[in-house]
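Inspection log for the structure reproduced underneath, given as structure tokens.
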Amino acid sequence: MGKIVIDPVTRIEGHLKIEAIVEGGVVKEARSTGNLFRGFELILRGRDPRDAQVITQRICGVCPQSHGVAATLCLDSAFGVADKIPDNGRIMRNLIQGAHIAQDHILHFYHLAALDYVDVTDVAKYEGNDSDLNSIKDFIGRGELGPFFPRYEGDYRLPPEVNQQAVAHYVKALEIRRMGHEMVSIFSGKIPHSVGIVPGGVTSTPTVDNILAFLWKLRRLQDFINNVYIPDVLAVAGFYGDYAEIGTGCQNLLSYGSFDLVGSDPDYARRKRLFKQGTVSADLKFNELDLGKITEDVGHSWYRDSSSGRHPADGETSPEPGKEKAYSWTKSPRYNGKVYEVGPLARVAVTYAGGDPTMKGLVESSLAQLKAPASALFSVLGRHLARALSAKFIADSLEKWVLELKPGEPTFVEYEIPEEGRGVGITDAARGALGHWIEIKDKKIANYQCVVPTTWNVSPKDDKGNPGPIEQALIGTKVKDENNPFELVRIVRSFDPCLACSIHVVTPKGRDLAQYRIA
Ligand code: NFE
Ligand code: MG
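To get this note's numbering, take the position in the sequence shown, counting from 1, and add 144.
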């Protein structure tokens with residue numbers, strides 16, 4: 145028996161520790177630890193409710209637009225204007241969040257996950273004219289290998305030309321992401337923390353100029369997704385086929401749905417959204433979602449036990465550092481008492497199971513190309529594929545939406561802050577189901593609870609002892625080389641957790657087997 149400790153997991157956002165007990169080369173137990181207390185929910189208390197839109201975006205520099213959207217949906221609902229948002233406001237929120245998520249999926253594949261599969265050293269053999277590759281070749285020649293080294297060794301399978309092309313795409317993806325950010329800022333004022341999304345709608349106005357600027361950049365984004373991103377995911381899948389069977393996890397998927405398509409019903413269950421709201425399990429059958437069944441356990445989290453099992457509308461954030469049995473700052477969100485994975489796989493699977501014809505076509509044609517059954521979606525490769533399809537589905541919709549904007553028509557409605565009230569804002573962020581809940585008293589925030597995608601996915605055991613989604617995805621995994629636990633980091637990164645550089649591999653007695661520094 146041995147214990148693998150990866151702390152922190154790199155090429156994700158934030159401070160995540162993974163521990164795995166390995167017996168006979170197989171993971172028997174896994175622990176996922178969120179190592180950083182943030183306390184945003186406490187910071188929000190007593191403030192003007194409108195501060196939520198500004199402050200919750202500071203939770204993260206990666207996905208602020210989604211927090212901006214969740215917070216404004218939450219405030220729309222608390223202020224009683226959820227069904228009064230003008231079409232221009234609804235559409236511009238979709239354009240802001242959509243452009244953000246499409247570039248975020250590209251960020252994840254190329255700049256966070258791809259280095260687990262692509263051997264950058266093959267660039268040393270490159271003999272063509274690509275200036276980016278020739279610069280990287282020069283760096284490699286001088287032994288300057290960051291940010292690609294150090295790394296795990298022993299399982300790079302792509303032929304040299306494919307590796308070289310993938311590295312060229314790594315560089316190209318930086319340019320495409322910059323352009324994606326420009327698309328976001330056209331309607332939101334700036335990135336990363338957008339100022340344009342406000343309760344009641346959006347502060348910017350559509351003009352022929354900004355519509356055309358968005359459309360022109362969108363064409364390049366779509367070209368990259370269709371002709372580079374999706375083919376690259378399929379190419380990697382072709383060489384790492386075993387990863388269609390690794391990292392299966394809990395096989396319960398949950399999506400809040402995202403991108404309102406028509407004027408918004410105050411009841412989210414009745415809203416028509418691009419990605420559907422619902423759940424699916426291993427049978428890939430669609431089930432409706434009941435927001436009332438969401439709870440957060442804290443039995444294994446550093447929060448007071450008395451706050452465990454509450455619905456987020458009445459949630460409590462009461463830190464108890466050092467609590468016995470606890471091992472994470474992450475709470476354990478559960479649905480109907482069960483463990484659910486959220487993310488691109490969940491929203492793609494829910495939308496597919498819910499019968500959306502475009503999503504059905506996308507999923508079935510890619511599975512056919514991979515010669516893989518639908519069950520392969522529940523895997524490391526399934527998550528990467530779903531993220532690429534999510535990017536395409538969104539980008540193709542952006543094209544339609546931007547042409548629906550009506551210059552000269554309103555983009556927001558006035559509202560009043562109520563003396564007392566409650567609100568909920570739910571959307572699907574890049575990494576999955578994102579919910580904000582607010583309680584207002586005396587026109588001030590009395591309670592604010594955020595249940596974010598990574599809270600679901602990196603959650604520790606719940607009060608019943610059920611491991612969280614990433615923990616479950618790790619359990620049962622065969623580890624070929626404990627000094628190079630490729631399998632484990634590939635599984636963890638397939639979830640794209642947002643929680644930043646040494647990795648220790650130790651025996652249960654604490655003896656260091658090896659120590660690495662990862663850039
Ligand atoms: Ni910090 Fe986020 C996204 C949200 S993840 S990246 O996407 O909400 O928990
Ligand atoms: Mg929370």
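No residue lacks a Cβ here, since even glycine has one placed at the ideal position from N, Cα and C. Only a predicted model underlies this, so the values are computations on that prediction, with no experimental measurement involved.
query	result
Label Ala164 either buried or exposed according to how many other C-beta atoms from any shown protein chain fall within 10 Å of its C-beta, with 16 as the threshold for buried.	buried
Could you tell me whether the Cβ atoms of Ala215 and His580 are closer together than 8 Å?	yes
What residues sit near ligand 1, counting only those whose C-beta is closer than 6 Å to one of its heavy atoms, in chain order?	Glu157, Cys204, Val206, Cys207, Ser210, His211, Ala573, Ala574, Arg575, Leu578, Val596, Pro597, Thr598, Cys642
Go ahead and pull the three-state DSSP assignment for Cys218.	helix
Taking all protein chains shown into account, do 16 or more other C-beta atoms lie within 10 angstroms of the C-beta of Leu735, making it buried, or fewer, making it exposed?	Nothing can be reported for residue 735, as the shown portion of the chain is limited to 145 through 663.
Measuring CA to CA, which of Asp409, Ala243, Ala497, Pro465 is closest to Ile570?	Asp409
Under 8 Å, do Ala493 and Val424 count as touching if we go by C-beta distance?	yes
How would you label Lys437, buried or exposed, when you count the other beta carbons within 10 angstroms and need 16 or more for buried?	exposed
Pull up the CB-CB distance for Leu525 and Ser510, whole angstroms please, since I reckon it's below 8 Å.	Incorrect: roughly 10 Å between the Cβ atoms, too far for contact.
Who are the Cβ neighbours of Lys585 in its own chain at under 6 Å, not counting the five residues just before and after it?	Glu564
With H, G and I counted as helix, E and B as strand and the rest as coil, what does DSSP make of Glu631?	helix
Hey, is Cys594 close to ligand 2, as in C-beta under 7 Å from one of its heavy atoms?	yes
Of the residues Gly345, His455, Pro304, Thr351, which one's Cα is nearest the Cα of Val380?	Pro304
Return yes when the C-beta of Glu464 is under 7 Å from any heavy atom of ligand 2, and no when it is not.	no
What do you reckon, are the CB atoms on Tyr384 and Arg491 nearer than 8 Å?	no
Which residues share a DSSP beta bridge with Gln593?	Trp581
In this structure, does DSSP put Thr265 in helix, strand or coil?	helix
Enumerated in chain order, which unbroken segments of the alpha helix (DSSP H) with a length of 4 residues or greater are wholly contained in the stretch 482–552?	488–497, 501–514, 524–546
Since Ala577 and Pro604 are thought to touch, with beta carbons under 8 Å apart, how far apart are those beta carbons, to the nearest angstrom?	Wrong, their Cβ atoms sit about 18 Å apart, outside the cutoff.
Mind checking which residues open and close the beta strand (DSSP E) that includes Arg417?	417–419
Whose C-beta lies closer than 8 Å to the C-beta of Lys504 among residues of the same chain, with five residues either side of it excluded?	Tyr496
Assuming Val537 and Tyr296 make a contact with CB atoms under 8 Å, what is their CB distance in whole Å?	The sequence shown places Phe at residue 537, rather than the Val named in the question. Phe537 to Tyr296, Cβ: 32 Å. No contact.
Return the first residue and the last residue of the alpha helix (DSSP H) that Gly363 is part of.	For clarity, residue 363 is Arg in the given sequence; the question names Gly instead. Its alpha helix (DSSP H) spans residues 352–368.
Output yes or no for whether 8 Å exceeds the beta carbon distance between Val311 and Val377.	no
Just the C-alpha distance for Asp441 and Trp600, rounded to the nearest angstrom, thanks.	11 Å
If you count every other CB in all the chains shown that lies within 10 Å of the CB of Ser462, and 16 or more means buried, which is it?	exposed
Straight-line CA distance for Pro641 to Pro613?	11 Å
Give the C-beta separation of Phe556 and Thr347 to the nearest angstrom, bearing in mind that I take them to be a contact with Cβ-Cβ under 8 Å.	7 Å
Thinking just about the alpha-carbon of each residue, which of Gln247, Thr177, Tyr479, Pro152 is nearest to the one in Arg575?	Gln247
Taking just the CA atoms, how far does Pro350 sit from Phe419?	24 Å
Here's the rule: buried if 16 or more other CB atoms are within 10 angstroms of the residue's CB, otherwise exposed. What is Asp572?	buried
Nearest CA to the CA of Leu365: which residue from Asp220, Thr621, Ile245?	Ile245
Under 8 Å by Cβ, that's how I've got Leu362 and Ala539 pegged, so tell me the actual separation to the nearest angstrom.	7 Å
Can the beta-carbon of Pro230 be found closer than 8 Å to that of Pro554?	yes
Looking at Gln308: is its Cβ nearer than 8 Å to the Cβ of Tyr270?	yes
Quick one: is Trp360 buried, meaning 16 or more other Cβ sit within 10 Å of its Cβ, or exposed?	exposed
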